[in-house]
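To start, the structure itself, in structure tokens.
Below, the structure is given as structure tokens:
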């Protein structure tokens, strides 16, 4: 069960907003979603692939592809940093999905030259070494962090002279975000760069430069959502081949808006036809927000159907959370959980009417999604999805019983259960099957044994709230947070010490996630990106104003969905 932060309520995917609709206000969510197509530019009324705009986009894409192909073909003659800079640009512009073959060819060449031959940029400047390190790790090529030892003094500390190399410090700070457990060099590098960049930003006289530095500190690429941050790079990128990439990125941005608007219209119609908002008036009615979650998870343009189906599952997480959190009695919740576990209508008649409505919707939607996956990929995940929903409700019920009994669980037990009740498990397992993957010996049983690629983003999401920075939910809920229970176990621990522990736990969870996502694994790249993107979304959910709103998050959503850019 998800609990409000005013009551030390654990954060979950369901707590992106409260049932108090005023706290999430992007023109009152689905009212704006329902009319989203009215904001479309003229070109959006046409099929992008056949319209004049689509033809222009295809031509510009070919121009940009040739630029990167030339880097591959002339690798021996060109400055190696040129290819790295291009890759960095296409990633920040959120158009890298167009150039996966070219990116792989460039980075494979860099890896062979600088790793196999033992020539990892001995004469390169810090920003080149750090950029290469980050890009290779992102691509799955392991590079040891000792490549940065050349920038240390005889005492093993980073050279003080680096304080003047702002570009190098920003690149090193970005690289440090890809650390895994045991890499003290990267931990040290991150702290070193953060301290110097913060000092430089305070004293900097050039407004544009200080803005770039602040953006690096607040939104390092590896821990940010490219779809939300691309516009920032639009303003910083000018000159040479960047002009072509920038034009392509702006075209892509507008085409993505058109696609998202159509998907939002689909979701809005589906939600209205489903009728749950009318039947369950106590529950949240925010289809736009639910769609944003799926948009963040499944970013590839060709995954439109998958985004729509995932949104349906996310909506049910919210509805069921509200049943447990604000409406159901413990007796009703126990019976509801039993019905979910059995997944049949045997005990259906014993449920109160509102629970019957919810269970039928859950049953029908899960059956429908499973059938669509079977038709497209040849494998039916129904049994796994049934167990998944049972697992979520079991975790909700555990929290309900804790609250009803006044029991304070051990912090370890609380967190283990809270990771499940966050809803991340449900979202990512649905994503796994929607992408066409199957349970194998390599992937294991994602439902019963949660791997780090799922548990890590769930941990990050949950613990962020327990720092006390989330103020979004005003629902009546149950008390409970990791910090609260940890301090009860350690009477001599101060609130500051408890918060520091949680910060370190979040850092450790990121390191585990990095290890899973940046090393060879049996999961599709799209699934790996979904896992990372859930973790990346978290910081955007904590810029609260005095009214407990999310102005920063709302601005990002408006920018991405409703504000086109001129090409």
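Numbering (my numbering), first residue to last: 995 to 1561.
Just so you know, even glycine gets a beta-carbon here, dropped at the ideal spot from N, CA and C.
Annotation for residue 1437: 1516 place their beta carbon closer than 6 angstroms to its own, counting only its chain and skipping 5 residues before and after. Straight-line measurement puts the Cα of residue 1081 at about 12 angstroms from the Cα of residue 1058. Taken through DSSP and simplified to helix, strand or coil, residue 1275 comes out as coil. The region 1189-1198 makes no contact with the region 1223-1238: fewer than 3 CB pairs, one atom from each, lie closer than 8 angstroms.
In this structure, residue 1334 places its C-beta atom within 8 angstroms of the C-beta atom of residue 1383. Here residue 1431 is buried, its C-beta having at least 16 other C-beta atoms within 10 Å.
In the assembly as shown, residue 1176 is an exposed residue. Its beta-carbon has fewer than 16 other beta-carbons within 10 Å. Here residue 1528 is near residue 1455, since their CB atoms are less than 8 angstroms apart. Separation of residue 1061 and residue 1336 (C-alpha to C-alpha, rounded to the nearest whole angstrom) is 58 angstroms. If you check the CB distance, residue 1162 and residue 1121 come in under 8 angstroms. With a cut-off of 8 angstroms on Cβ pairs, the region 1121-1131 is in contact with the region 1159-1173, counting three or more such pairs. If you look at residue 1187, you'll find it in the alpha helix (DSSP H) that goes 1178-1197.
In the three-state reduction of the DSSP assignment, residue 1404 falls in the coil class.
When DSSP assignments are scanned along the region 1222-1287, the uninterrupted stretches of alpha helix (DSSP H) that are 4 or more residues long and fall wholly within it turn out to be 1235-1268, 1270-1273. Exposure of residue 1339 is indicated by the presence of fewer than 16 other C-beta atoms within 10 angstroms of its C-beta.
Its Cα nearest to that of residue 1448, the residue 1417 stands out among 1046, 1417, 1100, 1079. For the set 1495, 1488, 1424, the Cα lying nearest the Cα of residue 1457 is the one of 1495. Annotation: the continuous alpha helix (DSSP H) that includes residue 1352 extends over 1347-1371. A distance below 7 angstroms between beta-carbons, with the five flanking residues on each side excluded, links residue 1063 to the following residues of its chain, in chain order: 1096.
Judged by DSSP in its simplified three-state form, residue 1146 adopts strand. Of the candidates 1217, 1297, 1282, 1318, the residue whose Cα lies closest to the Cα of residue 1258 is 1282. Counting of Cβ neighbours within 10 angstroms places residue 1370 among the exposed residues, the total staying below 16. Residue 1210 and residue 1218 have their C-alpha atoms roughly 10 angstroms apart.
Between the alpha carbons of residue 1361 and residue 1376 lies a distance of about 7 angstroms. Look at the beta carbons and you see the region 1544-1557 not touching the region 1305-1315: under three pairs across the two are nearer than 8 angstroms. Closest in C-alpha terms to residue 1298, from the list 1152, 1278, 1216, 1255, comes 1255.
Residue 1316 counts as buried, since no fewer than 16 other beta carbons sit within 10 angstroms of its beta carbon. Burial check for residue 1407: the Cβ neighbour count within 10 Å stays below 16, so the residue is exposed. Taking a C-beta distance under 8 angstroms as the contact criterion, residue 1135 and residue 1105 qualify as a contact pair. Shown here for residue 1051: same chain residues with a beta carbon closer than 6 angstroms to its own, the five before and five after excluded, namely 1245 in chain order. Just so you know, the alpha carbons of residue 1364 and residue 1390 end up roughly 24 angstroms apart. Exclusion of the five residues before and after residue 1368 leaves 1374 as the residues of its chain whose Cβ lies within less than 7 angstroms of its Cβ.
Classified as buried, residue 1206 has 16 or more neighbouring CB atoms from the shown chains inside 10 Å of its CB. In this structure, residue 1242 places its C-beta atom within 8 angstroms of the C-beta atom of residue 1054.
Residue pairing from DSSP leaves residue 1427 without any beta-bridge partner. Rounded to the nearest whole angstrom, the C-alpha separation of residue 1262 and residue 1546 is 24 angstroms.
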